[in-house]
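Here's the structure we're looking at; comments come further down.
2 protein chains.
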Amino acid sequence: MASQKSEDTAMSPKITGELLRLLRQAMRSCKYFSEPIHAYIIPSGDAHQSEYIAPCDCRREFICGFNGSAGTAIVTEQHAAMWTDGRYFLQASQQMDNNWTLMKMGLKETPSQEDWLISVLPENSKVGVDPWIIAADQWKNMSKALTGAGHSLVAVQDNLIDIVWTHRPERPSTQLRVLGVEQTGISWQDKINVLRAKMTERKITWFVATALDEIAWLFNLRGADIEYNPVFFAYAIVGMNSIRLFVDLKRLSDPALREHLQLNAPSKPELSIQTFPYESVYGELQAICAALSPKDKVWICDKASCALTQAIPKAHRTPIPYTPLCLSKAVKNSTEIRGMKMAHIKDAVALCGLFAWLEKEIPKGTVTEISAADKAEELRSQQKDFVGLSFPTISSVGPNGAIIHYRPLPETNRTLTVNEVYLIDSGAQYIDGTTDVTRTMHFGTPSDFEKECFTYVLKGHIAVSAAIFPNGTKGHLLDSFARAALWESGLDYLHGTGHGVGCFLNVHEGPCGISYKTFADEPLEAGMIVSDEPGYYEDGSFGIRIENVVLVVPAKPKYNYRNRGSLTFEPLTLVPIQVKMMNTDLLTQKERDWVNEYHRKCREVVGAELERQGRREALDWLIRETQPIV
Amino acid sequence: MASQKSEDTAMSPKITGELLRLLRQAMRSCKYFSEPIHAYIIPSGDAHQSEYIAPCDCRREFICGFNGSAGTAIVTEQHAAMWTDGRYFLQASQQMDNNWTLMKMGLKETPSQEDWLISVLPENSKVGVDPWIIAADQWKNMSKALTGAGHSLVAVQDNLIDIVWTHRPERPSTQLRVLGVEQTGISWQDKINVLRAKMTERKITWFVATALDEIAWLFNLRGADIEYNPVFFAYAIVGMNSIRLFVDLKRLSDPALREHLQLNAPSKPELSIQTFPYESVYGELQAICAALSPKDKVWICDKASCALTQAIPKAHRTPIPYTPLCLSKAVKNSTEIRGMKMAHIKDAVALCGLFAWLEKEIPKGTVTEISAADKAEELRSQQKDFVGLSFPTISSVGPNGAIIHYRPLPETNRTLTVNEVYLIDSGAQYIDGTTDVTRTMHFGTPSDFEKECFTYVLKGHIAVSAAIFPNGTKGHLLDSFARAALWESGLDYLHGTGHGVGCFLNVHEGPCGISYKTFADEPLEAGMIVSDEPGYYEDGSFGIRIENVVLVVPAKPKYNYRNRGSLTFEPLTLVPIQVKMMNTDLLTQKERDWVNEYHRKCREVVGAELERQGRREALDWLIRETQPIV
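In the order they appear, the protein sequences are chains A and B. Going by full-length UniProt numbering, the first sequence opens with residue 1, and the numbers climb by one from there. Going by full-length UniProt numbering, the second sequence opens with residue 1, and the numbers climb by one from there.
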């Protein structure tokens, strides 16, 4: 669970009258498109369809004021409307002024963007969008709907928001970090070889990489261009005999980096990397495509930008829902698994320290959501190879805990007390791995209802974590296990159960996950890493979530039907789950055994590290919190 | 679970050399298409994309000999290949001669039809297909793949199989049966009104009905054109002021039928039905489309035939995955539910009689799979308003039980003994409802392994049947509940868990079901009826399946999160589940309680009817088999 933060959030509405006037002027001007534009779509992404974006790409926030992670703004001559989902209704209504209409997605009465455009536009209208910001599949759907109603979707090459955005931040170009094989387990050259083998198998001649985490993973490099995500702005195009990397060339001066990429003296010609400026990707891709033979095929993710996708002639274009890099990256090798385990032990050390500190400090009445989050960051930053947080900490007390994507702000900041449930969802980037953990605690005496709900959530968490399932099972088939205990009592939670987690990469990654949404997830395989995070949210009162990061591992049940083999999960997160919050009467013996075994492992593994680091108070807390339940 | 039977099955291969020669001659002749056809596709369906088909539509069987329910044949100048799935590998290999290559779907090395065509065809080939037999969505996919490789898919209006098929059976035109409101709960006029209200809501001006069960349901009529399915060959086109029914006009002479349809004196002009010959649907639809206004939209199911779909100009065509009739039909009204309950009680009476009889007869060594199936049919036929079976009975002993879609044939027929597990999956059509039930029994002493597997299957059956889940949940989210106990021991079954069941209609119907396949199923609603039928199959040894038909009903758990309401299932099938096959130590107390409550209800409800019918032996058996377990 993580929400996006691009810059500090204000809860008073942004004044947008003048900005909208300027934008509409640009829409009408014919300077940026040959004809006037009747509507302009401002999606929330960047040119790489990143989930988290850099400040220079926060165009939707700039134009309307709303800074949540999901939302699309559309401006016409008469209207300005912004679509977002249930997580953000309150926040969006507070951050937008009355020039804007909030479109509450998921409500029956809310029109889709297409339907709304069709209802408000005069006949034969032009709807503009920046083709770099809209994904190819979204372009296709929108274009089809508009064309069907007599309008047309047009690509406006200059971004009209950038035109009206004075003082727009620069695109970041942070220093690149080289990762050796001792950290990645496999050289970038070998990753290229694996990629090319897959291309050969599918008769593909070129592959265009546009997702930032895939490019960072491929070249064993990390950056800091986007907060929380150790990635850098780049594109890559890989052919059978050439590798082209598109990146701000100033970044390539470091000798160690040049050595890593073998820029001066490549070992083999087919592993020689040609570097180009970031902006030249479109021209280069066009040049490559101009030279294609009739049978040549180019792989590109169907979520890549419309601009790059359309640079590839349709006859050569082979769009795929997940790229081979995405699939390879999801299955961690033994070096990465070792790193992820180490990162989670260090993370547990920090959290044990936090909880021991909270227990001592809360009764004094001086700890707030923000100071608790700061303390967690401080403790994590003391751990070896800490790089930064992996997402903004969700530190929430009482009713704030029921806001699923809450982030404490000065105006919402509550003090932690012994009377309310505390939920903290946090994680960090270490050079050896990425963490994401949620614990829900009570520092006084929880109510029976709080305990009951917590126990159902725990039952769901265990049902997923302990599930045994055949090789080839897709994660969405496990989602209901997390909900069964809640459902039985008429309760539920309105988010997915788990997401893929990168290794010193994005805390959210594809192509696997655990969700009721039947997106095209790929089957779970040993080595994949996902989160297991059911929850329950009582509006206005409290929030509960129990989240571990878990590793898919082989299981060895009694039988082996059709030799398919079985899988299960091994928790990587090793932080005690508060027994005080459990109604142990509601647990089966098997569930009690699971809790005890989990706590035994936390004590053994994290205890040893706390001991080594001489963190006495945290160790005492850990030992107390991992007493077996009976 | 049901397999298709079109005529009696032979297990020796059909000799096809001469037929293929004639077919290839027709393909080359340019008499049926302006150019020679290089490949001809023979799908297994009829013009209504029915699951079960009439003998005159068994073209794929005619050309290759294989008579399973699923399979597509493709004939080129050099090759003849037939694709089918794992259920039918053995049967297909036995029924086809060596002119044919069996293409085993689901195996990695098996090419798709498209890939195979592309690999064997000379450049720029024409691939022919009957546009009435191929569904619009299948045409689209196939056409796209072929076009991408330089070939083209062409519609051949005359079916080339029919050309070479001497003595092809006539299309059936059985007598139509009128159902009154006392059976259907709602008049056809009201169904038309509901349909038109949905059309108005979605701004649709015409609706084309092509699925036979939807047409039978809409007009409260039943036929017997297709074995097991009480439907009749027809099309319907409904506008806001007109209703056109396309059917063999000879069928409309019966005065009661004319009165029912108000053919002589319609009450209101907009409820007047115009009747047309079955074959004139294409011309009429063309005429309707020629008169459309620019904004007019026509609904047609995306699974309708390519021919009818393409008769609607693209600008007016609104394809939908499920028609409003399909959705309305799935939610049974109180009259239909009452009927379904009655049908299941009568069905249980027949099965209790069967099992009591088997118990007595099996030790004599005279009962075979076929005679047991015949006895089941005989007992069912004694029940009031019996019409026929709802699918061919799967009556299987020992290793035959492991063949999921087995049907006993003289050459495979085994004798029932006290040493082997017996599985019977059977059902009937009554005027008040349709049944489908599977029971797995042992008439001696089952092995520990058989009991263990049976108990896991039972745990899965109960997990689904007793599940409580929020309103709006789709059936596929429940599928894993049926598998969890099997998975935990490394076991599984390779079929879905449940399908929708019609009310005196098709035993398989959309749009709901319970399956790991993420097809676009519609959310479960109170009033829907599905099967719950997990299984386990030990190849060469035994098969286990426990199937009840269950009704979706509101549930009232402790809480009601966001006022969404909850649902659960009520078993309609009321036939004891053999306790002898259970390892009750493996059951939780909750599962034991479920079994006891289920058996109590069987005894109470079916016992009363057995009493009333004076079926003493069956009643004794029922009472013995419904003793509570402890």
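Built from N, CA and C at the ideal position, the CB exists for glycine as well. Note that this is a predicted model, so its numbers are computed, not measured.
| Check | Outcome |
| --- | --- |
| Using a Cβ-Cβ distance under 9 Å, would Asp593(A) count as near chain B? | no |
| In three-state terms, what does DSSP make of Leu404(B)? | First, the residue type needs correcting, since residue 404(B) is Ile and not Leu in the sequence shown. Residue state, collapsed to three classes: coil. |
| Pairs of beta-carbons, one from the region 345-356 of chain B and one from the region 309-323 of chain B, closer than 8 Å: are there three or more? | no |
| Strictly under 9 Å for the Cβ-Cβ distance: is Leu478(B) near chain A by that measure? | yes |
| Give the residues of chain B in contact with Leu491(A), contact being defined as C-beta atoms less than 7 Å apart. | Tyr559 and Tyr561 |
| Mind reading off the beta-carbon distance from Glu609(B) to Cys503(B)? Whole number of angstroms is fine, and I expect it under 8 Å. | With a Cβ gap of about 20 Å, Glu609(B) and Cys503(B) do not count as contacting. |
| Between the Cα of Phe443(B) and those of Asp254(B), Lys580(B), Val298(B) and Phe386(B), spot the shortest distance and give me the residue it belongs to. | Lys580(B) |
| Can you list the residues of chain B that Pro470(A) reaches, using a CB-CB cut of under 7 Å? | Trp487 and Asp492 |
| Since Ile514(B) and His476(B) should fall inside the 8 Å C-beta cutoff, what is the C-beta to C-beta distance between them, to a whole number of angstroms? | 7 Å |
| Hey, does Phe569(A) have any beta-carbon neighbour from chain B nearer than 9 Å? | no |
| Assuming His260(B) is part of the alpha helix (DSSP H), what are its boundary residues? | Pro255 to His260 |
| Distance check for Ser69(A) and Val605(B), CA to CA, integer angstroms please. | 57 Å |
| Looking at C-alpha atoms only, which residue of Pro571(A), Glu420(A) and Val630(A) is the closest neighbour of Asn583(A)? | Val630(A) |
| Can you give me the Cβ contacts of Gln91(B) inside the same chain, cut-off strictly under 6 Å, excluding the 5 residues immediately before and after it? | Gly68 |
| Does any C-beta atom of chain B lie closer than 9 Å to the C-beta of Gly498(A)? | no |
| Assign Pro122(B) to one of three DSSP states: helix, strand, or coil. | coil |
| By the criterion of Cβ-Cβ separation under 9 Å, what are the contact partners of Tyr88(A) in chain B? | Going along chain B, no residue has its Cβ under 9 Å from Tyr88(A), so there is no contact; the nearest lies around 18 Å. |
| Looking at chain A, which residues of the region 498-516 of chain B have a Cβ within less than 9 Å of any of its Cβ atoms? | Tyr516 |
| Got a sec: is the Cβ-Cβ distance from Ser566(B) to anything in chain A below 9 Å? | yes |
| Quick one, which residues of the region 532-550 of chain A are near chain B if we go by CB-CB under 8 Å, in chain order? | none |
| Can you give me the C-alpha to C-alpha distance between Ser489(A) and Ile544(A), rounded to a whole angstrom? | 16 Å |
| Less than 9 Å between the C-beta atoms of Leu212(B) and Lys329(B), yes or no? | no |
| Counting Cβ pairs, one atom from each stretch, are 3 or more of them under 8 Å apart for the region 125-138 of chain A and the region 92-112 of chain A? | no |
| Taking only beta-carbon atoms, is Asp8(A) less than 9 Å away from chain B? | Here the model assigns Asp8(A) a pLDDT of 46, short of 50, so the residue's position is not dependable and the matter cannot be decided. |
| In chain B, which residues lie with their C-beta within 9 Å of the C-beta of Phe481(A)? | Ser480, Phe481 and Ala484 |
| Output yes if chain E places a C-beta closer than 9 Å to the C-beta of Leu292(A); else output no. | Here the protein chains are A and B, and chain E is not one of them. |
| Going by DSSP, which residues form a beta bridge with Glu570(B)? | Leu551(B) |
| For Trp188(B), name the three-state secondary structure that DSSP assigns. | helix |
| So, is the C-beta of Gly607(B) closer than 9 Å to a C-beta in chain A? | no |
| Is the number of C-beta pairs between the region 414-425 of chain A and the region 255-263 of chain A that are closer than 8 Å three or more? | no |
| Am I right that Trp357(B) and Lys375(B) are in contact with their C-beta atoms under 8 Å? What's the rounded C-beta distance? | 6 Å |
| Which value, in whole angstroms, describes the spacing of the CA atoms of Ser12(A) and Asn98(A)? | 12 Å |
| If I measure Cβ to Cβ from Asp46(A) and keep anything under 6 Å in the same chain, skipping five residues before and after, which residues do I get? | Ile53 and Asp57 |
| What is the DSSP secondary structure of Cys58(A), counted as helix, strand or coil? | coil |
| Please tell me whether Ala315(A) has its Cβ less than 9 Å away from any Cβ of chain B. | yes |
| If we cut at 9 Å on Cβ distances, does Gly106(B) have a partner in chain A? | no |
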